[in-house]
Amino acid sequence: MKRSSALTISTLLLVLLLALPGQAFEQTPSHFLYFGLGVIDLSYPDEIQRLLNWLKNQGHVFHRSLEIEAPGFYWTYGPKTLVGPVLNLAVDRYNVGPLKLQVNQFLVGLSSMYFLSGEFGRGPFLRSDVGLAWASVDSVEGATSHRGIGALIGGGYAARVAGGTRSLLNLHYTIRKLEGESYRTITISASVLL
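If you want it as structure tokens, here you go:
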């Protein structure tokens, strides 16, 4: 399932990256709206990980996990840098008959993207976020929530699609330190700056 999602996202991004390769573009906009969607690999504190491993061994498990980044608001800061707030949400859901468990991980932070090439919004870039984090664990027995801080570090490749729109392919690592425990994700995502 994760392979087909990764293949779909990769194919979509490749089409977007190749859509207008030689197009001349106007002046860089001063601000952008950001949206992203990705596939993730998750790591949890021991107690949650043991429960998830038990669920996976029950058979006939419905499991979905994805990362959503929306909305994000970026402003240009110099010729190669974007800075702004972004909401990062990792969702991990398990259903086994009447048993249900969903873990939502949030990071609301200040994000920056630095483009390594001589041209803004095209080519390789680095990204980092830092901010407030929390996770909620919802099951048939109730819900719990943990709060703390989080950080994201990664990079990717960007291409201009049309006008001021950019498509991005991202790879990043996110850690959320919540009440002494670590929640981690590795993500491959496709995103867009409008």
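Going by numbering that gives the first Met the number 0, the first residue of the sequence shown is number 0, and it counts up by one from there.
No residue lacks a Cβ here, since even glycine has one placed at the ideal position from N, Cα and C.
Backbone CA spacing between residue 189 and residue 49 [nearest angstrom]: One-based indexing of the sequence shown puts residue 189 at position 190. One-based indexing of the sequence shown puts residue 49 at position 50. Taking the Cα positions, residue 189 is about 31 Å away from residue 49.
Per-residue burial, residue 171 [other beta carbons within 10 Å of its own, 16 or more giving buried]: Within the sequence shown, the letter at position 172 stands for residue 171. Answer is buried; the Cβ neighbour count reaches 16.
Limits of the alpha helix (DSSP H) - the one that residue 51 falls within: Within the sequence shown, the letter at position 52 stands for residue 51. From DSSP, the alpha helix (DSSP H) with residue 51 extends over 45 to 55.
Boundaries of the beta strand (DSSP E) in which residue 123 is found, first to last residue: Taking the sequence shown and counting its residues from 1, one reaches residue 123 at position 124. For residue 123, the enclosing beta strand (DSSP E) covers residues 122 to 138.
Nearest residue (CA-CA) to residue 187, options 107, 35, 130 and 110: Sequence index remark: in the sequence shown, residue 187 carries index 188 (1-based). Ranked by how close their Cα comes to the Cα of residue 187, the residues 107, 35, 130 and 110 have 35 in first place.
DSSP-derived helix/strand/coil call for residue 79: Taking the first residue of the sequence shown as 1, we reach residue 79 at position 80. Looking at residue 79 - three-state DSSP - the assignment turns out to be coil, as it is neither helix nor strand.
For residue 150, the residue or residues it bridges with in DSSP: Within the sequence shown, numbered from 1, the residue matching residue 150 stands at position 151. Note: residue 150 sits in a beta bridge opposite 129 and 174.
Cβ neighbour criterion (16 or more within 10 Å) applied to residue 52: Walking along the sequence shown from the start, residue 52 turns up at place 53. Looking at its Cβ environment, which holds fewer than 16 other Cβ atoms inside 10 Å, residue 52 is exposed.
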